[in-house]
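Here full-length UniProt numbering is used: the first residue of the sequence shown is 1, the next is one more, and so on.
Read through the structure below, which is laid out as structure tokens, and then see the notes.
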Amino acid sequence: METCGALYQLMKKDFLKTPSTETEWRAIAQDFESKWQFPHCLGALGGKQIYIQPPVKSGCLDHNNKGRLYVTIMAAVDANYKFIYASLETQDKVSDAGLFAHSDLCKAMDQGLLNFPPPEPLPNSDITMPYMFVGDEAHPLRPDLMKPYPNKQMDPSRGILNYRLSRACRVAENAFSLLANRLRVFRSTIFLETDKVEKIAMASLCIHNFLRERRSEVYTPPAFSDLKNGDHSIVEGTWRNRGHGTCQPLEPREEHNALATAEMQRNLLRDYFVSAAGYIPSQEENIMLD
Numbered sequence: 001m002e003t004c005g006a007l008y009q010l011m012k013k014d015f016l017k018t019p020s021t022e023t024e025w026r027a028i029a030q031d032f033e034s035k036w037q038f039p040h041c042l043g044a045l046g047g048k049q050i051y052i053q054p055p056v057k058s059g060c061l062d063h064n065n066k067g068r069l070y071v072t073i074m075a076a077v078d079a080n081y082k083f084i085y086a087s088l089e090t091q092d093k094v095s096d097a098g099l100f101a102h103s104d105l106c107k108a109m110d111q112g113l114l115n116f117p118p119p120e121p122l123p124n125s126d127i128t129m130p131y132m133f134v135g136d137e138a139h140p141l142r143p144d145l146m147k148p149y150p151n152k153q154m155d156p157s158r159g160i161l162n163y164r165l166s167r168a169c170r171v172a173e174n175a176f177s178l179l180a181n182r183l184r185v186f187r188s189t190i191f192l193e194t195d196k197v198e199k200i201a202m203a204s205l206c207i208h209n210f211l212r213e214r215r216s217e218v219y220t221p222p223a224f225s226d227l228k229n230g231d232h233s234i235v236e237g238t239w240r241n242r243g244h245g246t247c248q249p250l251e252p253r254e255e256h257n258a259l260a261t262a263e264m265q266r267n268l269l270r271d272y273f274v275s276a277a278g279y280i281p282s283q284e285e286n287i288m289l290d
């Protein structure tokens, strides 16, 4: 475990660095726009539960509602499947739905400490939009965090917004699944205490980013992760045939108090994606598949 802790301390500055300037955030947003056709996106949020089995009498009480012990990773991922932020939660008093709210990332966003670019018009449009993260149903809806419409009362335009969001959110799903498939430690239950699992997890995220940056052709060869066709449809990566390993998705949360400004923002994005300025080929066909 000392090795994992030392690796993390050595690598985190270069290989698990959260952007801190407008220039760095804009570079990520430009990648999301060019690779996944989602403008103003600062990263995709995702979370996974790592199942563990601590030794007897370890005192670990970190379990989900099925009685299984776990450590949860909450992370932000860039357009190239690299982690740009991660935190671990090992307290069973925090639900899956509250993981983001208890993270340092959320606190920094609330306090305006991350130097996001100011709101700007969307490409080829006069619609001014803040820069934002994207997340799935397990996350809250906020002006700086966009999530899909609920499935109930869906119409075609909302379906297109959800499809475009799901394309951007795929990078988080892919990053976690690449991690689980490539690093054997995540393929089954980990028989260690939570503090040791934390060291393994954080070191593994750094190693993943290092390999994505320096040895991508070996670590994630073509077709292993999801790819985009010429018509912007998605070809699923071969990792999906292997499953998630011990890294399991979080449960969706039910939204009760979405901010009116975030709802308005989501509606503006919906309108943008069905307009000539934001349209991509095949999006109507793909909402029938999701």
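Glycine included, each C-beta is placed from N, C-alpha and C at the ideal position.
Quantities reported herein were computed from a predicted structural model and do not represent experimental measurements.
Task: Touch test, the segment 193-207 against the segment 163-170, Cβ-Cβ under 8 Å, three pairs minimum - done: no
- [ ] Enumerate in chain order the residues of its own chain whose CB-to-CB distance from L7 is below 6 Å, with the five nearest sequence positions on each side excluded.
- [x] Position 7 of the sequence shown, counted from the first residue, corresponds to residue 7. Closer than 6 Å at the Cβ level, and outside the excluded window around L7, lie A203.
TODO: Pull up the distance between the alpha-carbon of P39 and that of F191, whole angstroms please.
DONE: Looking up residue 39 in the sequence shown gives position 39. Looking up residue 191 in the sequence shown gives position 191. Answer to the nearest angstrom: the Cα atoms are 42 Å apart.
- [ ] Determine the direct distance from the alpha carbon of E2 to that of Q37, and round the result to whole angstroms.
- [x] On the sequence shown, position 37 is the one that residue 37 refers to. On the sequence shown, position 2 is the one that residue 2 refers to. For Q37 and E2, the distance between alpha carbons rounds to 42 Å.
Task: Rounded C-alpha distance that separates S20 from E263 - done: The residue given as residue 20 occupies position 20 in the sequence shown. The residue given as residue 263 occupies position 263 in the sequence shown. In this structure, the straight-line span from the alpha carbon of S20 to that of E263 is close to 27 Å.
Open item on the list: Between the alpha carbons of N286 and P156, how many angstroms are there, rounded?
Closed with: For the purposes of this step, residue 286 is taken as the residue at position 286 of the sequence shown. For the purposes of this step, residue 156 is taken as the residue at position 156 of the sequence shown. Those two C-alpha atoms are separated by around 11 Å.
Task: At least 3 beta-carbon pairs within less than 8 Å: the segment 71-83 vs the segment 42-55 - done: Segments in contact, yes.
Open item on the list: Taking the alpha carbon of A277 as the reference point, which residue from D14, G159, W25 and E33 has its own alpha carbon closest?
Closed with: Here residue 277 refers to the residue found at position 277 of the sequence shown. Here the closest residue by C-alpha is E33.
Task: Residue closest to D14, alpha-carbon to alpha-carbon, out of K48, I84, N80 and W25 - done: Here residue 14 refers to the residue found at position 14 when the sequence shown is read from its first residue. Ranking the options by Cα distance to D14, first place goes to I84.
TODO: Check Q9 in the structure and name its three-state DSSP category.
DONE: On the sequence shown, residue 9 is found 9 positions in, with the first residue counted as 1. In the displayed model, Q9 falls within a helix according to three-state DSSP.
Open item on the list: Using C-beta distances below 8 Å, list every residue in its chain close to L289, excluding the 5 sequence neighbours before and after it, in chain order.
Closed with: Locating residue 289 in the sequence shown gives position 289, where the first residue counts as 1. Residue confidence is low: L289 scores 48 on pLDDT, short of 50, so the model does not pin down where it sits. Its coordinate-derived value is still stated next. None.
Open item on the list: Bridge partners for P143 per DSSP, in chain order?
Closed with: Within the sequence shown, numbered from 1, the residue matching residue 143 stands at position 143. Answer by DSSP bridge pairing: none, since P143 is not bridged.
Open item on the list: Checking the sheet assignment: what are the DSSP bridge partners for F100?
Closed with: The residue you call residue 100 lines up with position 100 of the sequence shown. As far as DSSP is concerned, F100 takes part in no beta bridge.
Task: Bridge partner(s) assigned by DSSP for L45 - done: Taking the first residue of the sequence shown as 1, we reach residue 45 at position 45. Beta-bridge analysis with DSSP links L45 to A76.
Open item on the list: Between the alpha carbons of V197 and V274, how many angstroms are there, rounded?
Closed with: By one-based count along the sequence shown, residue 197 stands at place 197. By one-based count along the sequence shown, residue 274 stands at place 274. Cα to Cα, V197 sits roughly 45 Å from V274.
- [ ] Taking only the alpha-carbon atoms, compute the straight-line gap between T23 and Q30 and give it to the nearest angstrom.
- [x] Working through the sequence shown from its first residue, we reach residue 23 at position 23. Working through the sequence shown from its first residue, we reach residue 30 at position 30. Going from the Cα of T23 to the Cα of Q30 covers about 10 Å.
TODO: Let me know the secondary structure DSSP gives M264 once reduced to three states.
DONE: Sequence index remark: in the sequence shown, residue 264 carries index 264 (1-based). Helix, per DSSP.
- [ ] Identify, in the order they occur along the chain, each residue of the same chain with its Cβ nearer than 7 Å to the Cβ of R5, setting aside the five sequence neighbours on each side.
- [x] Counting from 1 along the sequence shown, the entry for residue 5 is found at position 5. Per the sequence shown, residue 5 should be read as Gly rather than Arg. Hits under 7 Å: K199.
Task: For E120, three-class secondary structure by DSSP - done: Against the sequence shown, residue 120 aligns to sequence position 120. Strand at E120.
Task: Assigned exposure category for P222 - 16 Cβ within 10 Å defines buried - done: For the purposes of this step, residue 222 is identified with residue 222 of the sequence shown, where counting begins at 1. Its Cβ having fewer than 16 others within 10 Å, P222 is exposed.
Task: DSSP-derived helix/strand/coil call for I52 - done: For the purposes of this step, residue 52 is identified with residue 52 of the sequence shown, where counting begins at 1. Three-state result, I52: strand.
Task: A86 - DSSP class collapsed to helix/strand/coil - done: What you label residue 86 is simply residue 86 of the sequence shown in a count that begins at 1. Note: A86 maps to strand in three-state DSSP.
Task: K17 in three-state terms, based on DSSP - done: On the sequence shown, position 17 is the one that residue 17 refers to. In this structure, K17 counts as coil in the three-state DSSP scheme.
- [ ] Please name the residue in K35, N174, A27 and I50 whose C-alpha comes closest to that of T194.
- [x] The residue given as residue 194 occupies position 194 in the sequence shown. Closest by alpha carbon: I50.
Open item on the list: Using a 10 Å radius around the Cβ and a threshold of 16 neighbouring Cβ atoms, would you call R215 buried or exposed?
Closed with: Position 215 of the sequence shown, counting from 1, holds the residue named residue 215. Answer is exposed; the Cβ neighbour count stays below 16.
- [ ] Would you give the residue range spanned by the alpha helix (DSSP H) that V274 belongs to?
- [x] Here the question's residue 274 lines up with position 274 in the sequence shown. Looking at the DSSP string, V274 is not in any alpha helix (DSSP H), and its letter there is neither H nor E.
Open item on the list: Given a cut-off of 8 Å on the beta-carbon distance, is the pair M132 and L145 in contact?
Closed with: The count along the sequence shown starts at 1 and reaches residue 132 at position 132. The count along the sequence shown starts at 1 and reaches residue 145 at position 145. It is a contact, given that the beta carbons lie within the stated cut-off.
TODO: Look at the alpha carbon of L88 and the alpha carbon of N181, and state the distance between them as a whole number of angstroms.
DONE: By 1-based counting over the sequence shown, the position of residue 88 is 88. By 1-based counting over the sequence shown, the position of residue 181 is 181. Those two C-alpha atoms are separated by around 20 Å.
- [ ] Taking only beta-carbon positions, decide if L16 is within less than 8 Å of chain D.
- [x] The structure shown contains no chain D, having only a single protein chain.
Task: Buried/exposed call for A86, threshold 16 Cβ in 10 Å - done: Taking the first residue of the sequence shown as position 1, residue 86 is located at position 86. Looking at its Cβ environment, which holds 16 or more other Cβ atoms inside 10 Å, A86 is buried.
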